[in-house]
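Just so you know, the sequences run in chain order A and B.
All letters in the first sequence, in the order written, are residues 4 to 255 by this note's numbering.
All letters in the second sequence, in the order written, are residues 4 to 255 by this note's numbering.
As structure tokens, the structure follows; a few thoughts come after it.
There are 2 protein chains.
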Amino acid sequence: MKRERIEEIAEILDKRGKMTLEQLEKEFPAVSQMTLRRDLYQLEEDGRIIRIRGGAMSVKEVQKVSGEAYTKKTTINTDAKIVIAQKAATLVDEGISLFLDGGTTAMYLSKEIPDINCNIFTNGIAVAMELAQKKNINITVVGGQLMKDNLSTSSPVAKSYFESTNFELAIVSATAFTPENGFSCNSQIESDLLKQVFQKARHVYMMLDSSKIGKINPYTFAHIEDIDVLITDDNFPKEYKALFEQSNIVVM
Amino acid sequence: MKRERIEEIAEILDKRGKMTLEQLEKEFPAVSQMTLRRDLYQLEEDGRIIRIRGGAMSVKEVQKVSGEAYTKKTTINTDAKIVIAQKAATLVDEGISLFLDGGTTAMYLSKEIPDINCNIFTNGIAVAMELAQKKNINITVVGGQLMKDNLSTSSPVAKSYFESTNFELAIVSATAFTPENGFSCNSQIESDLLKQVFQKARHVYMMLDSSKIGKINPYTFAHIEDIDVLITDDNFPKEYKALFEQSNIVVM
DNA sequence: CCCTCTTTGTTAAATAATCACACTTTAAAT
DNA sequence: ATTTAAAGTGTGATTATTTAACAAAGAGGG
């Protein structure tokens, strides 16, 4: 019981690199904070993790990252995004060709994705760097102007990338959604890029954490009927779920 | 004085592996605890240390534990590369438009570059991420297939990026140089990319640390006469320096 | 079934880190 | 050289995290 839990903690930590105690508590609701603390203490003694203020980080993580800051802001709704990423990761099959956007959720997805032989196109450079650690994944970065807020690129020229490319799958996320305005984002060119991706992709999977619902951003790039599967978290409202299912969209 | 103190802290930390804030206070009685905290914070952002409760520990220390891959490539001639990067950073002026390659030296350069209004094109995603921290720099990433060993992209399609683009400057580095074979690298498509860059760039500055001299890599992308300035370190052999200066190339 | 050892939970106290503000030094511009 | 702006620093109050001590609950052996 203890041993197993500790192993599991070590495993999760290796995958995510860094976790707060709060996140661990959610992951292990059966035990108290103090117990988790003691587990972390033991793992530290074994030299497998390093305890930092507020949580812990995996030693492996430290060993691989070079210039990147470990302190990078703990983003909003992290937990929901990880849940979504884990679901999405199960959808990636051997040999597939897929497009992944550059958002935070895609970032988590790229950590969860198995190291299988497949082709991934992305416009997110943080996503690309994360994926670069998987030996078997073939990565193509869509170039263009870099937006500093979300570390993703886009450019009108990117079109040329897609002319002779087809995707089995596009897994993207939006920063806002309402039934009337559909899926929207903050950048005109990113919106254009996604529209193009949608045309080339055979299936479109949308990752949408529930905090995005009811918000509207300037540029709509898709409507309900444009997607095939919606991947979301447990707080997703039932009435919205019904709405999607009416349009034959799988909600998971 | 801040810079020096931070360097000193990093040095001590590298040496001792781990220190408490209290120890640091004794080491630096001239400044307050808060200042030291802020220094540690900055070092953490730079990825050189990890802050732990009560103090900090050096990343190198952690890496040593089961030290592997990371230390391999990044450590080769680091000091020379930083010197070169610092020299190169002085060459970037306000409003300029420049191309930067994706190599390790470019990575250091992007840390040193001042945060001024300018346009930088690069095919290195680690470089792009580093540059993203500067508010005023406009970054464009050249897309393409990602090479996992050096985190840079290239693709035949990248050509389209350059059709309507001009660079004042291209600052690149080679992985090998001999007078006969010129500047060479390990990848065919990267070599192609650089050739294109050279055509569009008004001036070409080559960063070459002395460890590259006398080596030959498969793909030559430039010869002595193709560059305008050579930026190198103090170990650069005199006879080579003379060689470059014969061709009216500034060696700095 | 009882005893004992390990694991776990609960609290209060100690410790460390953050924040916000004011002050000081350094650098830049004219 | 003088003024202005920017970067760096110190202080005290505030907030958050960790530790430590002790009590309760399980698990296994005799």
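Virtual Cβ for every residue (Gly too), placed ideally from N, Cα, C.
* Terminal residues of the alpha helix (DSSP H) in which serine 113(A) lies -> As a first step, residue 113(A) must be located in the first sequence, where it is residue number 110. Counting along the chain, the alpha helix (DSSP H) containing serine 113(A) begins and ends at 107-115.
* **Same chain, Cβ closer than 8 Å to threonine 74(A), five either side skipped, listed in chain order** => Along the first sequence, read from residue 1 onward, the residue named residue 74(A) stands at position 71. Per-residue confidence for threonine 74(A) stands at a pLDDT of 46, beneath the threshold of 50, marking its modelled position as unreliable; the derived number appears in the next sentence. So no residue of the chain qualifies.
* In chain A, which residues lie less than 7 Å from alanine 135(B) when you measure between Cβ atoms? -> Within the second sequence, residue 135(B) is the residue found at index 132, counting from 1. For alanine 135(B), the chain A residues whose Cβ falls inside 7 Å of its Cβ are Leu149, Lys151 and Leu154, in order along the chain.
* Asked: Is it right to say aspartate 104(B) is buried, meaning 16 or more other beta carbons lie within 10 angstroms of its own, or is it exposed?
  -> Start at 1 with the first residue of the second sequence, and residue 104(B) comes out as number 101. In the assembly as shown, aspartate 104(B) is a buried residue. Its beta-carbon has 16 or more other beta-carbons within 10 Å.
* How about serine 1(B) and threonine 108(B): do their beta carbons lie closer than 8 Å? -> Not covered by the structure: residue 1(B). The range shown for chain B is 4 to 255.
* For glutamine 191(B), count neighbouring C-beta atoms within 10 Å of its own C-beta (all shown protein chains included) and say buried if the count is 16 or more, exposed if not. => Within the second sequence, residue 191(B) is the residue found at index 188, counting from 1. Flag for glutamine 191(B) reads exposed.
* Under 8 Å by Cβ, that's how I've got asparagine 169(A) and valine 145(A) pegged, so tell me the actual separation to the nearest angstrom. => In the first sequence, the residue the question calls residue 169(A) occupies position 166. In the first sequence, the residue the question calls residue 145(A) occupies position 142. With 8 Å as the limit, asparagine 169(A) and valine 145(A) do not qualify as a contact, their Cβ atoms being about 15 Å apart.
* Verify the CB distance criterion: does isoleucine 12(A) have a CB-CB separation below 8 Å to chain B? => Here residue 12(A) refers to the residue found at position 9 when the first sequence is read from its first residue. Isoleucine 12(A) does not count as touching chain B.
* Beta carbon of asparagine 153(B), beta carbon of asparagine 141(B): below 8 Å? -> Here residue 153(B) corresponds to residue number 150 of the second sequence, with the count starting at 1. Here residue 141(B) corresponds to residue number 138 of the second sequence, with the count starting at 1. In this structure, asparagine 153(B) lies away from asparagine 141(B), with their beta-carbon atoms at least 8 Å apart.
* Kindly confirm or deny that the stretch 37-56 of chain B and the stretch 18-29 of chain B touch, where touching means at least three C-beta pairs closer than 8 Å. => Touching, per the Cβ criterion.
* Is threonine 23(A) helix, strand or coil by DSSP? -> Taking the first residue of the first sequence as 1, we reach residue 23(A) at position 20. In the structure shown, threonine 23(A) sits in a strand (DSSP, three-state: E or B).
* Indicate the three-state DSSP secondary structure (helix, strand or coil) for glutamate 183(B) in the structure shown. => Working through the second sequence from its first residue, we reach residue 183(B) at position 180. Note: glutamate 183(B) maps to coil in three-state DSSP.
* Asked: Got a sec? Which residues, its chain only, sit under 7 Å from glycine 185(A) by beta carbon, not counting five neighbours each side?
  -> Taking the first sequence and counting its residues from 1, the one referred to as residue 185(A) is at position 182. Counting only residues of its own chain and dropping the five nearest sequence neighbours on each side, glycine 185(A) has a CB closer than 7 Å to the CB of Thr223, Ala225, His226 and Ile227.
* Asked: Using CA coordinates, which residue listed in Asn80(A), Ser35(A) and Thr38(A) is at the minimum distance from asparagine 238(A)?
  -> In the first sequence, the residue the question calls residue 238(A) occupies position 235. Out of Asn80(A), Ser35(A) and Thr38(A), Asn80(A) has the C-alpha closest to the C-alpha of asparagine 238(A).
* Write down the C-beta distance between phenylalanine 165(A) and glutamine 199(A) rounded to the nearest angstrom, noting that I regard them as a contact closer than 8 Å. => Residue numbering aside, residue 165(A) sits at position 162 when the first sequence is read from its first letter. Residue numbering aside, residue 199(A) sits at position 196 when the first sequence is read from its first letter. Between glutamine 199(A) and phenylalanine 165(A) the Cβ distance is about 5 Å, and since that is below 8 Å, they are a contact.
* Asked: Does any residue of chain A bring its CB to less than 8 Å from the CB of threonine 23(B)?
  -> Counted from its first residue, the second sequence places residue 23(B) at position 20. Taking Cβ atoms only, chain A never reaches closer than 8 Å to threonine 23(B), which makes this a no.
* Asked: If you run the structure through DSSP and keep just helix, strand and coil, what is arginine 205(A)?
  -> Taking the first sequence and counting its residues from 1, one reaches residue 205(A) at position 202. Looking at arginine 205(A) - three-state DSSP - the assignment turns out to be strand.
* To do: Would you please verify whether the beta carbon of arginine 205(B) is less than 8 Å from any beta carbon of chain A?
  => Here residue 205(B) refers to the residue found at position 202 of the second sequence. Not closer than 8 Å to any Cβ of chain A, the Cβ of arginine 205(B) fails to qualify, so no.
* To do: For alanine 13(A), collect the residues of the same chain with a Cβ closer than 8 Å to its Cβ; drop the 5 residues on either side in sequence, then sort them by chain order.
  => Position 10 of the first sequence, counted from the start, is the residue given in the question as residue 13(A). By the criterion of a C-beta distance shorter than 8 Å, alanine 13(A) is surrounded in its chain by Leu46, Arg51, Ile52 and Ser61, once the five residues flanking it on both sides are discounted.
* Asked: For valine 95(B), does the count of other Cβ atoms within 10 angstroms reach 16, so buried, or fall short, so exposed?
  -> Mapped onto the second sequence, residue 95(B) falls at position 92. Per the 10 Å Cβ criterion, buried.
* Asked: Does isoleucine 174(B) come within less than 8 Å of chain A when only Cβ atoms are used?
  -> Position 171 of the second sequence, counting from 1, holds the residue named residue 174(B). The C-beta of isoleucine 174(B) comes no closer than 8 Å to any C-beta of chain A.
* Which class does isoleucine 227(A) belong to by DSSP, given the choice of helix, strand or coil? -> As a first step, residue 227(A) is located in the first sequence; it is residue number 224 there, counting from the start. It is helical.
* To do: Reducing DSSP to helix, strand and coil, say where arginine 8(B) ends up.
  => As a working mapping, residue 8(B) is identified with position 5 in the second sequence. DSSP places arginine 8(B) in helix when its eight states are reduced to three.
* **DSSP-derived helix/strand/coil call for isoleucine 55(B)** => Taking the first residue of the second sequence as position 1, residue 55(B) is located at position 52. The answer is strand: DSSP assigns isoleucine 55(B) an E or B state.
* Just reading off the beta strand (DSSP E) that methionine 37(A) is part of, what are its end residues? -> What you label residue 37(A) is simply residue 34 of the first sequence in a count that begins at 1. Taken as a continuous stretch (DSSP letters only), methionine 37(A) belongs to no beta strand (DSSP E), being part of the alpha helix (DSSP H) at 36-48.
* Establish whether the CB of alanine 109(A) and some CB of chain B are separated by less than 8 Å. => Translated into positions along the first sequence, residue 109(A) becomes position 106. Judged by the 8 Å Cβ criterion, alanine 109(A) is not in contact with chain B.
* Segment limits, alpha helix (DSSP H) that includes glutamate 248(B) -> Residue mapping note: residue 248(B) aligns to position 245 of the second sequence, counting from 1. 241-249 is the extent of the alpha helix (DSSP H) around glutamate 248(B).
* Asked: Does the beta-carbon distance from lysine 90(B) to methionine 255(B) come in below 8 Å?
  -> Along the second sequence, read from residue 1 onward, the residue named residue 90(B) stands at position 87. Along the second sequence, read from residue 1 onward, the residue named residue 255(B) stands at position 252. Yes. Within cutoff.
* Name the one or two DSSP bridge partners that glutamine 148(A) has. => For the purposes of this step, residue 148(A) is identified with residue 145 of the first sequence, where counting begins at 1. DSSP lists Ser157(A) and Thr143(B) as partners of glutamine 148(A).
* **Beta-carbon proximity of threonine 156(A) to leucine 149(B), cut-off 8 Å** => Residue mapping note: residue 156(A) aligns to position 153 of the first sequence, counting from 1. Residue mapping note: residue 149(B) aligns to position 146 of the second sequence, counting from 1. Contact flag unset, no.
* Just the Cα atoms here: how many angstroms apart are valine 130(A) and threonine 181(B)? -> As a position in the first sequence, residue 130(A) is number 127, starting the count at 1. As a position in the second sequence, residue 181(B) is number 178, starting the count at 1. Cα-Cα distance, rounded: 37 Å.
* Asked: Does isoleucine 55(A) get closer than 8 Å to chain B when you measure Cβ to Cβ?
  -> Start at 1 with the first residue of the first sequence, and residue 55(A) comes out as number 52. For isoleucine 55(A), the nearest beta carbon of chain B is closer than 8 Å to its own beta carbon.
* When we look at the beta-carbon of tyrosine 44(A) and count the other beta-carbons within 10 Å, is it buried (16 or more) or exposed? -> The sequence position of residue 44(A) within the first sequence is 41, counting from 1. Tyrosine 44(A) should be labelled exposed.
* Tell me, which residues are paired with alanine 173(A) by DSSP? -> As a first step, residue 173(A) must be located in the first sequence, where it is residue number 170. In the DSSP assignment, the residues bridged to alanine 173(A) are Phe102(A) and Val207(A).
* According to DSSP, what are the bridge partners of isoleucine 234(A)? -> Against the first sequence, residue 234(A) aligns to sequence position 231. In the DSSP assignment, isoleucine 234(A) is bridged to Met210(A).
* With a cut-off of 8 Å, does the C-beta of valine 68(B) fall near any C-beta of chain A? -> Position 65 of the second sequence, counted from the first residue, corresponds to residue 68(B). Low confidence applies to valine 68(B): its pLDDT is 48, below 50, so where it sits in the model is not reliable, and the reading given next is rough at best. Yes, because at least one Cβ of chain A sits closer than 8 Å to the Cβ of valine 68(B).
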